[in-house]
Amino acid sequence: MAINYEGRVAVITGAGAGLGRSHALFLAKHGAKIVVNDLGGTVEGKGGSNSAADAVVKEIRDADGIAVANYDSVADEQSAKNIIQTALNEYGKIDILVNNAGNNIENSFRKMSMDDFRAVVDVHLMGAVYCTQAAWQPMIDQGYGRVIMTTSAAGLYGGHGLSNYAAAKIAMVGLMNSLVLEGRKRGITVNAIAPMAMTRMSKDAMDDKTGPLLKPEFVTSIVALLAAEDHKGSGDIIATGAGYYSKIGIVEGAGVYFDSDAPPSPDAIAERFEEICDLTAARPFPDAFAAVADAMRNVLRNLKSK
Numbered sequence: 655m656a657i658n659y660e661g662r663v664a665v666i667t668g669a670g671a672g673l674g675r676s677h678a679l680f681l682a683k684h685g686a687k688i689v690v691n692d693l694g695g696t697v698e699g700k701g702g703s704n705s706a707a708d709a710v711v712k713e714i715r716d717a718d719g720i721a722v723a724n725y726d727s728v729a730d731e732q733s734a735k736n737i738i739q740t741a742l743n744e745y746g747k748i749d750i751l752v753n754n755a756g757n758n759i760e761n762s763f764r765k766m767s768m769d770d771f772r773a774v775v776d777v778h779l780m781g782a783v784y785c786t787q788a789a790w791q792p793m794i795d796q797g798y799g800r801v802i803m804t805t806s807a808a809g810l811y812g813g814h815g816l817s818n819y820a821a822a823k824i825a826m827v828g829l830m831n832s833l834v835l836e837g838r839k840r841g842i843t844v845n846a847i848a849p850m851a852m853t854r855m856s857k858d859a860m861d862d863k864t865g866p867l868l869k870p871e872f873v874t875s876i877v878a879l880l881a882a883e884d885h886k887g888s889g890d891i892i893a894t895g896a897g898y899y900s901k902i903g904i905v906e907g908a909g910v911y912f913d914s915d916a917p918p919s920p921d922a923i924a925e926r927f928e929e930i931c932d933l934t935a936a937r938p939f940p941d942a943f944a945a946v947a948d949a950m951r952n953v954l955r956n957l958k959s960k
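Yeah, the sequence shown ends on 960 if you go by our numbering, and it's all consecutive.
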């Protein structure tokens with residue numbers, strides 16, 4: 655597969671530094687026209703400045719690439735629409751959307767204010783919702799689109815002091831799973847990455863040994879593949895960092911069926927709880943309907959065998 659984005663238009667949110675900057679530089683180098691979006695605020699999402707987005711645009715143009723800056727916040731619906739509209743106004747379309755913008759406000763759940771909880775959800779989850787919905791109809795109209803969500807190990811597995819961040823990140827997976835189904839026959843793929851990289855948001859959690867290994871460019875390599883026209887896969891969550899790439903799956907175990915016409919007692923469930931939690935024969939499902947249908951088939955099969 656020859657990675658080439660000639661004629662393609664990409665919007666990358668939070669592209670003024672770190673992962674977003676790396677994505678923007680790579681896609682531009684390989685022919686894409688870029689909207690570099692960045693509010694220019696702090697890690698907590700406070701304040702704003704044009705300098706971050708402008709600096710990346712200059713880098714791209716100095717390398718003979720094509721890019722424009724946008725300074726809108728993804729956390730506001732109209733501002734997020736303006737981000738996508740910038741692509742439509744400047745280039746006439748949008749082909750690739752990388753939902754990368756993020757913020758982080760850490761605190762234990764019992765001490766976290768609801769304002770701080772909402773502030774993180776508004777950027778990560780609602781920012782992805784607003785931007786993707788604004789890009790969705792143009793992608794449908796042209797019969798083509800590549801959408802990439804940025805989830806996190808914190809969302810998939812939890813993280814102490816990260817309840818707001820984790821809730822937003824796992825919600826992005828649910829959003830992806832539904833959009834995969836809606837985009838399937840319209841030429842639109844939707845995938846997610848769970849990156850490990852040294853950025854403004856993560857540097858405090860890195861040590862001197864691991865930090866230098868976690869270059870954003872390693873993450874950009876998988877983003878570049880997921881954004882490519884020839885890559886048709888959709889609905890994948892890829893963990894990535896420092897040269898490591900692995901698919902993350904949401905699976906369901908074989909389960910247990912109780913031979914009774916009445917609901918089992920809690921004690922009966924407790925006796926077989928280890929078996930219920932056994933993932934040895936776990937398998938994925940393409941959607942919620944398939945999961946429910948499989949469960950009901952097994953229920954009916956169990957009844958017929960009695």
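Glycine included, C-beta positions come from ideal geometry on N, C-alpha and C.
- Nearest neighbour of A706 by Cα position, chosen from K700, D692 and T696, turns out to be D692.
- Burial of V834 is indicated by the presence of at least 16 other C-beta atoms within 10 angstroms of its C-beta.
- For the set I748, N753 and Y898, the Cα lying nearest the Cα of I794 is the one of I748.
- The way I'd put it, the region 881 to 892 doesn't touch the region 695 to 706; fewer than three beta-carbon pairs between them come closer than 8 Å.
- Per DSSP, the beta bridge partners of V752 are I666 and I802.
- Going by DSSP, V711 is part of the alpha helix (DSSP H) stretching over S705 to D716.
- The Cβ neighbour count for T934, taken over all protein chains shown within 10 Å, is under 16; the residue is labelled exposed.
- Shown here, R926 sits in coil according to DSSP, grouped into three states, outside any helix or strand.
- Residue pairing for A723: DSSP places it in a beta bridge opposite V690.
- Counting along the chain, T786 sits inside the alpha helix (DSSP H) bounded by residues G781 to Q796.
- In the structure shown, the three-state DSSP call for G746 is coil.
- If you look at Y898, you'll find it in the beta strand (DSSP E) that goes Y898 to I902.
- For V783, the closest C-alpha among the options M830, M950 and D915 is that of M830.
- With the rule of 3 Cβ pairs closer than 8 Å, the region 797 to 811 counts as touching the region 838 to 849.
- In the DSSP assignment, A773 falls outside any beta strand (DSSP E) and within the unbroken alpha helix (DSSP H) covering M768 to V775.
- DSSP places T740 in the helix class (H, G or I) of the three-state scheme.
- Excluding its 5 nearest sequence neighbours in each direction, F939 has C-beta neighbours in its own chain below 6 Å: A945, listed in chain order.
- Between the alpha carbons of K687 and A789 lies a distance of about 16 Å.
- DSSP, read as helix, strand or coil, puts I657 in coil.
- Looking at the DSSP output, V844 sits in a beta bridge with V801.
- A distance below 7 Å between beta-carbons, with the five flanking residues on each side excluded, links N761 to the following residues of its chain, in chain order: D770 and G815.
- Nearest C-alpha to A734 among L868, G674, F680 and V777: V777.
- Taking the Cβ atoms as the reference, Y798 lies roughly 4 Å from G841, within the contact range of under 8 Å.
- Its Cα nearest to that of H684, the residue R662 stands out among R662, G672, E698 and K700.
- In the structure shown, V905 falls within a strand segment according to DSSP collapsed to helix, strand and coil.
- Under the 8 Å Cβ criterion, the region 715 to 729 counts as touching the region 665 to 682, having at least three qualifying pairs.
- For the pair D890 and N753, the Cα-to-Cα distance works out to about 15 Å.
- Ranked by Cα distance from A825, the first of F927, M803 and A878 is M803.
- Between A896 and L879, the C-beta gap is not smaller than 7 Å, which leaves the two residues out of contact.
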